[in-house]
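Just below is one structure, and these are the notes that go with it.
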Amino acid sequence: MVLEPVHCPDCDGIEVIKHGTTAAGKQRYRCQNSECERGTFIQEYSYAAYGTQVKQQISEMAMNGSGI
Ligand SMILES: [Zn+2]
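Residues in the sequence shown are numbered consecutively from 22, following my numbering.
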């Protein structure tokens with residue numbers, strides 16, 4: 022487990038709670054900053070080590086024709 026606080030990609034705040042997972046099993050978060058327009062987000066971009074895996078998943082999703 023990573024214990025670093027999760028930052029919102031929009032306001033960079035750390036008032037972030039877990040908000041279930043995506044269909045791909047990734048942790049989804051929700052920003053609780055009332056001044057932030059962002060709803061839910063996924064923190065996958067910060068895990069550089071998983072970059073190739075994520076790219077592979079994205080290309081698979083694109084090939085399967087699932088709209089993002
Ligand atoms: Zn935010």
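C-beta: ideal position from N, C-alpha, C; glycine also.
As the structure is a computational prediction, the values presented were derived from the model and not from experiment.
Other residues of its chain near residue i: CB distance less than 8 angstroms, five sequence neighbours each side excluded
i	result
Glu58	Asp31
Enclosing beta strand (DSSP E) for residue i [first to last residue]
i	result
Pro37	Per the sequence shown, residue 37 should be read as Val rather than Pro. Here the beta strand (DSSP E) through Val37 covers Val37 to Thr42.
Gln48	Gln48 to Cys52
Cβ-based neighbour list, residue i, same chain, cut-off 7 angstroms, excluding 5 preceding and 5 following
i	result
Ser80	none
Ala45	Gln78
Cut-off 6 angstroms between Cβ atoms - residues of its own chain near residue i, not counting five sequence neighbours on either side
i	result
Cys52	Cys29, Val37 and Arg59
Pull every residue with its beta-carbon under 7 angstroms away from any heavy atom of ligand 1, and keep them in chain order.
Those residues are Cys29, Asp31, Cys32, Gly34, Cys52, Asn54, Cys57 and Arg59, given in chain order.
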